[in-house]
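Encoded as structure tokens, the structure appears first; notes follow it.
In this note's numbering, the protein residues as written are 678 to 928.
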């Protein structure tokens, strides 16, 4: 039976006693009913994980010891960025969760001309923190020991401009950029295999405007479709990531 995993964002050393963060301790005590002597796994997002034994359970505190390090890595050989137009709360939460499970290394939320969801600076900051918590919970569930990055929400034109500014011939050759469009003639198999870096750009419910699609192509994105059926935007990114993992990743 797999051991329950907890994210512990601190230095973890073999031989030390570690007090779980408050939220993790609350979950361990109230939901999982952990007891002294139970075994669990800690990770701090820097790679590898630690098996541990619960040495103390208090009213609101859990302390573990008997730490053993395991150099376990479950990261994909593809450094995948999922660039997703921001969706409503429930759909975007699902997108973030599945992106983590499917091995994305970075999630870039975007606003586009047809985006239904509009976030001011305050709401964007709150949503980013919420998404980061989903990343943590998803890593605890799926076994990843490194936390994917959730970038700050950006406007699509600004983000594409940054990519163009950063691009060099060598960088462009090393990164495959895919623009998901339902009417694109190419499929996921048609572009050359990615060397290591892959970015998948997914639009909002209403899709990209023609101007946005042209701007993405100018920034090096290759338009591709996901077959004859039109997928919902929250499905499209997950489908593309799964397909690329099967074609070139660790599936």
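For every residue, glycine included, the Cβ atom is placed at its ideal position computed from N, Cα and C. A quick note: this is a predicted structure, and the numbers were derived from the prediction, not measured.
Query raised in the report: By Cβ distance below 6 Å, which residues in the same chain neighbour residue 856 in space, the five residues on each side in sequence not counted?
Result: Translated into positions along the chain shown, residue 856 becomes position 179. Closer than 6 Å at the Cβ level, and outside the excluded window around residue 856, lie 878, 893, 898, 900.
Query raised in the report: Taking three-plus beta-carbon pairs below 8 Å as touching, is the region 874-891 in contact with the region 907-918?
Result: yes
Query raised in the report: What residues in its chain sit with their C-beta under 7 Å from that of residue 811, if we drop five residues either side in the sequence?
Result: What you label residue 811 is simply residue 134 of the chain shown in a count that begins at 1. The answer, listed in chain order, is 770, 773, 774.
Query raised in the report: My guess is that residue 694 and residue 740 are in contact by the Cβ rule of under 8 Å, so how many angstroms apart are they, rounded?
Result: Position 17 of the chain shown holds residue 694. Position 63 of the chain shown holds residue 740. Right, the Cβ-Cβ distance comes to about 6 Å (below 8 Å), so this counts as a contact.
Query raised in the report: Name the DSSP beta bridge partners of residue 813, please?
Result: Your numbering for residue 813 matches position 136 in the chain shown. Residue 813 is not bridged to any residue.
**Report entry** Residue-level contact to chain C via CB, residue 690, 8 Å cutoff
**Finding:** Checking the listed chains, one finds no chain C in this structure; it contains a single protein chain.
Query raised in the report: How is residue 767 classed by DSSP in three states: helix, strand or coil?
Result: For this step, residue 767 is matched to residue 90 along the chain shown. If DSSP states are grouped into helix, strand and coil, residue 767 belongs with the helices.
Query raised in the report: What separation, rounded to the nearest whole angstrom, lies between the Cα atoms of residue 841 and residue 690?
Result: As a working note, residue 841 is residue 164 in the chain shown. As a working note, residue 690 is residue 13 in the chain shown. Looking at the two C-alpha atoms, the distance is approximately 43 Å.
Report task. Would you mind listing the beta strand (DSSP E) stretches within the region 878-917 that are 3+ residues and don't spill past its ends, in chain order? Result -> 899-901
Query raised in the report: Skipping 5 residues on each side, what residues in its chain have a beta carbon closer than 6 Å to that of residue 791?
Result: Locating residue 791 in the chain shown gives position 114, counting from the first residue. Taken in chain order, the residues that qualify are 881, 883.
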